[in-house]
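Counting from 1 along the sequence shown, just add 77 to a position and that's the residue number in the UniProt record's numbering. Where a beta carbon is used, it is the ideal one built from N, C-alpha and C, also for glycine. None of these values were measured; they are calculated from a predicted model. Encoded as structure tokens, the structure appears first; notes follow it.
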Amino acid sequence: QLGLAAEVFGKAIHYEETVDSTQKIAHRLAGSGAPEGTLVVAEEQSFGKGRLSRNWYSPKYTGIWMSLILRPNIPFQQAPQLTLLAAVAVVQGIEEATELMPGIKWPNDILINGKKVTGILTELQAEADRIHSVIIGIGINVNQKNGDFPEDLLEKASSLFIETGHQVSRAKLIQHILVKMEILYKLYLEQGFAPIKVLWESYAVSLGKEIKASTLTETIHGTALGITEEGVLLVEGHDGQIHNIYSADIELP
Ligand code: BTN
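Here it is, written out as structure tokens:
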């Protein structure tokens with residue numbers, strides 16, 4: 078039932094009650110030839126994976142934990158663009174399904190009232206510099222109540238239920254996201270990243286603002302200027318230097 082609204086995305090759905098990580102299952106399916114648009118959805122993950130080797134809290138029945146297999150014919154350096162594309166699709170999906178207006182914090186955290194409701198993790202299977210498959214993992218806090226979050230997440234995380242005050246249908250939200258994602262993906266394959274970049278920037282909450290970017294090796298204080306054609310964040314440091322940020326944690330004041 079889930080995928081019917083989109084043409085290709087979600088046509089094949091692997092639904093599971095409990096998994097370690099939907100990413101892992103999607104990797105396995107992609108490796109054994111699963112077609113583009115195959116979706117893995119689980120009610121619960123025992124080892125949900127976050128960015129930067131973190132865990133992702135994925136309790137039963139209250140969230141959307143899913144991974145989508147894509148097979149774009151692009152050089153692997155362009156894969157981060159797909160993460161940004163996915164973030165736009167999720168924002169648009171949430172806008173369709175609720176009255177909320179989420180923003181995006183680079184590269185792909187979706188925030189509502191300054192708190193994170195969604196994380197996106199993109200992983201690649203590539204040979205030489207060609208992509209074999211891209212696995213887009215999307216985790217959305219949907220119907221968790223305030224008291225459901227563990228202590229360490231309370232300050233930073235929220236759910237659609239908390240922000241709207243009512244239950245949100247996970248099935249409908251998945252459908253909305255898949256439809257948006259398919260439209261954006263077609264646009265991307267036909268016209269490249271430029272139109273996606275414009276959309277992404279229209280939802281970005283950090284551009285033009287003071288941010289703190291912590292990379293593995295340094296911490297940069299400065300103003301977020303925008304993103305490049307590759308999806309790299311440009312930050313003007315207090316020293317006047319322009320930094321290209323490929324991977325970092327961004328804090329907004
Ligand atoms: C982040 O750290 O912000 C990214 C979180 C990504 C979580 C999703 S939930 C579905 C998919 N399966 C995983 O194990 N992780 C991603």
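Option nearest residue i by Cα separation, candidates the options
i           : options                : result
H209        : G87, V256, H320, G108  : G108
residue 357 : P184, N223, I141, E267 : Any property of residue 357 remains undetermined from this structure, which presents the chain solely from 78 to 330.
Q221        : E173, L231, T139       : T139
K202        : H104, Y323, L311       : Checking the sequence shown, residue 202 turns out to be Gln, not Lys. For the residues H104, Y323, L311, the minimum Cα distance to Q202 belongs to H104.
Assigned exposure category for residue i - 16 Cβ within 10 Å defines buried
i    : result
V256 : buried
F124 : exposed
M178 : exposed
I273 : buried
R131 : exposed
K182 : buried
N321 : exposed
I319 : exposed
Between the CA atoms of residue j and residue i - distance to the nearest angstrom
i           : j    : result
I102        : D316 : 45 Å
V282        : V85  : 31 Å
P152        : D206 : 6 Å
E313        : A82  : 43 Å
G308        : D225 : 34 Å
residue 332 : G170 : Residue numbering for the chain in the displayed model covers 78 to 330; residue 332 lies beyond these limits and cannot be assessed.
D97         : P227 : 19 Å
I90         : T115 : 6 Å
F270        : E306 : 7 Å
A248        : N218 : 13 Å
K126        : T292 : 19 Å
Short CB-CB distance (under 8 Å) between residue i and chain B
i    : result
K286 : Looking at the structure shown, chain B is missing, and only one protein chain is on hand.
Is the number of C-beta pairs between the region 235 to 251 and the region 192 to 201 that are closer than 8 Å three or more?
Short answer: they touch.
Could you tell me whether the region 144 to 152 touches the region 207 to 226, using the rule of 3 or more Cβ pairs below 8 Å?
Result yes; three or more Cβ-Cβ pairs closer than 8 Å.
Whether or not the region 258 to 272 and the region 163 to 171 are in contact is what I'm after, with contact meaning three or more pairs of Cβ atoms, one per stretch, closer than 8 Å; do they touch?
yes
Which ranges does the beta strand (DSSP E) cover as unbroken runs of at least 3 residues, wholly within the region 188 to 268, from first to last along the chain?
192 to 204, 207 to 218
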